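Position 23, counted from 1, in the sequence shown is what our numbering calls 95; the numbers after and before it change by one each time, with no gaps.
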Amino acid sequence: MAVVVKYVVERNGVERMTFTTKKEADAYDKMLDIAESLELMLEKVDVPLSEQQIESLALEIAKSKDDFMTILKGGKDPVVTKAPAKK
C-alpha cells in the first residue's frame, strides 16, 4: 500500500483544488484570497455586474495579477496571446 500526501485547498467547506505540493497549494490559496478581496472591491464599482460576473472577473484578475500590476504601475502592456478569429 502506498502513502500519498495531498494538499487540499478548501473555501467555506467546499474543496476547490487538490495539489501534490504545499507550495502549489499555498500559491492557489493566496490567489483565492486576492480574488476575494477583488470581489469586495468590484461590488462597490458603479458598473452593473451580476454576482457571477464579479466572481469570474475577480478570479481572472487574480490569476493575471502580475500583468495587471505591471500595467497599473505604468509599465508596458504584457505580451497578450489572442485566440484566432472565428470564421
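Each residue gets a CB set at the ideal place from its N, CA and C atoms; glycine is no exception.
All of these numbers come straight from a predicted model, not from anything done at the bench.
- Your pair Leu110 and Ala74 does not check out as a contact, with CB atoms roughly 40 Å apart and the cut at 8 Å.
- With 16 or more neighbouring CB atoms inside 10 Å of its own CB, Val81 falls in the buried class.
- Rounded to the nearest angstrom, the Cβ distance from Leu114 to Leu129 is 6 Å, consistent with a contact under 8 Å.
- In this structure, DSSP gives Met73 a state outside helix and strand, which the three-state scheme calls coil.
- Note that the C-beta distance between Ala107 and Leu144 is not below 8 Å.
- DSSP lists Phe91 as the beta-bridge partner residues of Tyr79.
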